[in-house]
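Residue numbers (my numbering): 912 to 1211. Written below as structure tokens is the structure these notes are about.
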Amino acid sequence: MSPLDTKAPPVLRGQDGEGSVQVHQDASMKIDGAKVFSVYGKGGIGKSTTSSNLSAAFSTMGKRVLQIGCDPKHDSTFTLTGSLVPTVIDTLKEVDFHAEELRPEDFVHEGWGGVMCVEAGGPPAGTGCGGYVVGQTVKLLKQHHLLEDTDVVIFDVLGDVVCGGFAAPLQHADRAVIVTANDFDSIYAMNRIIAAVQAKSKNYKVRLAGCVANRSRETDEVDRYCKTVGFNRIAHMPDLDAIRRSRLKKKTLFEMDADEDILAVRAEYVRLAQQLWDGTEPLAPAPMEDRDIFELLGFD
């Protein structure tokens, strides 16, 4: 008889995972001491660019920063390290998942400004769950005491997938930041992410910090949505070619030549980092029904 046969089935009503196969977070996996942020948004909206420049901004403030990429593409930390670093899952495979054989330098890579960079990776396409990967990554970091000397942890999370697996970083975060743009599709994705964060906030400490308007000349549609649901835009990163060039050069904006545009965006990232460090109001917007958001923003 399995030891599990003697245990009563878990009571899931009202808990995280109700109606699904999600598992409530093990209390031992709680990240203590650091301020933890999860960055979400529509696929291709610039989450990795935002996360990496935010990490660099925190670093210039003297903070000890850890950035965790949660995407099988494993390019979250690309501009910090200048390369695609091996993922946690690939590294674990090399030792047949005997985590005790790993050293920190096997899966933690130093990036610009001393930012510690980790790429969780993901299961092969169509198999497994991203939540498992995130859990294994945090477990490894805790086993090697790598979270004890960290001030800021940033999770950069895959696209607008808000299934239980890729919502897993919300179990660790203090604040969720949504990257959006001044268009219908990006705001529609933001609306869904808000709903996911609200669901997690019933059982975890995570709350919404606000949204960053990225790659956008104007912010009128973002601001109209925020006013309607009770949300805040906390930063605006304009649609500048310099930002695109930084990605091509495998650099953060803090390494680029200091022309006028670059200096202005750097200052915005430092301002945002300081705002997040000082603490943002815990927002509880009311996500809109699909029909309502279509009526509000319509079609381009």
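No residue lacks a Cβ here, since even glycine has one placed at the ideal position from N, Cα and C. Since the structure is predicted, the reported quantities are computational estimates derived from the model, not experimental observations.
Residue range of the alpha helix (DSSP H) that includes residue i
i     : result
S1100 : Here residue 1100 is Ala; the residue named in the question, Ser, does not match the sequence. Residues F1095 to K1111.
I1204 : D1201 to L1208
E1030 : Where E1030 is concerned, there is no enclosing alpha helix (DSSP H), although the beta strand (DSSP E) it sits in stretches over M1027 to E1030.
V1140 : D1131 to V1140
Among the options, the one whose alpha carbon lies nearest that of residue i
i     : options                       : result
E1179 : M1148, P1193 and D1152        : M1148
A1031 : C1122, T960, L995 and K1160   : L995
E1012 : G1024, W1023, G1022 and V999  : V999
V1068 : E1192, C1137, G952 and E1132  : G952
F1095 : V1117, L1194 and L1207        : L1207
V1049 : Y1099, T1163 and Q1082        : Q1082
K1160 : T992, K958 and G955           : T992
V1045 : I956, Q978 and V1063          : Q978
G1024 : M972, F1018 and H1009         : M972
G954  : K974, E1059 and V1090         : V1090
F1277 : A1100, P1080 and Q1186        : The chain is shown only over 912 to 1211; residue 1277 falls outside these bounds and no answer can be derived.
R1144 : L1052, T1163, A1100 and V1088 : V1088
R1202 : Y1115, Y1099, A1146 and R1155 : Y1099
S949  : R1118, E1021 and K1053        : R1118
I956  : V1006, L1052, L1051 and S1097 : S1097
C1028 : L1052, H1009 and D1007        : L1052
D1021 : S970, Q1186 and Y1115         : In the sequence as displayed, the identity of residue 1021 is Glu instead of Asp. For E1021, the nearest C-alpha among the options comes from S970.
E1129 : N1114, K1116, Y1115 and A1146 : A1146
Own chain residues within Cβ distance below 7 Å of residue i, not counting five before or after
i     : result
A1078 : A1107 and K1111
Host beta strand (DSSP E) of residue i (start-end)
i     : result
F1066 : V1063 to V1068
L1119 : R1118 to N1125
Cβ shell of residue i (< 6 Å), same chain only, five flanking positions each side left out
i     : result
M1167 : S1157 and I1173
D982  : L1069
A968  : Y1180, V1181 and A1184
A1120 : R1086, V1088 and T1191
Presumed contact (8 Å Cβ cut-off) between residue i and residue j, rounded CB distance
i     : j     : result
T990  : S963  : 5 Å
V1212 : S966  : Nothing can be reported for residue 1212, as the shown portion of the chain is limited to 912 through 1211.
T960  : R1086 : That belief does not hold up - the Cβ atoms of T960 and R1086 are roughly 19 Å apart, past 8 Å.
A1124 : A1092 : 7 Å
A945  : D1131 : Not quite, the Cβ-Cβ distance comes to about 36 Å (not below 8 Å), so this is no contact.
L1057 : P1015 : 6 Å
Close beta carbons around residue i, own chain, < 8 Å, minus the five adjacent residues each side
i     : result
P1198 : N1102, R1103, I1105, A1106, Q1109 and V1140
L1151 : D1172 and V1176
A1195 : Q1109, S1112, R1118, L1119 and G1141
I1204 : I1098, Y1099, N1102 and Y1136
K1162 : T990, G993 and W1023
Residue-level contact to chain B via CB, residue i, 9 Å cutoff
i     : result
L1208 : Of the protein chains in this structure there is only one, and it is not chain B.
query = Quick one: complete beta strand (DSSP E) runs, 3+ long, within the region 1143 to 1171?
reply = 1144 to 1148
ask   = Of all the alpha helix (DSSP H) runs that stay within the bounds of the region 947 to 1003, which reach a length of 4 or more residues?
value = 958 to 971 and 989 to 992
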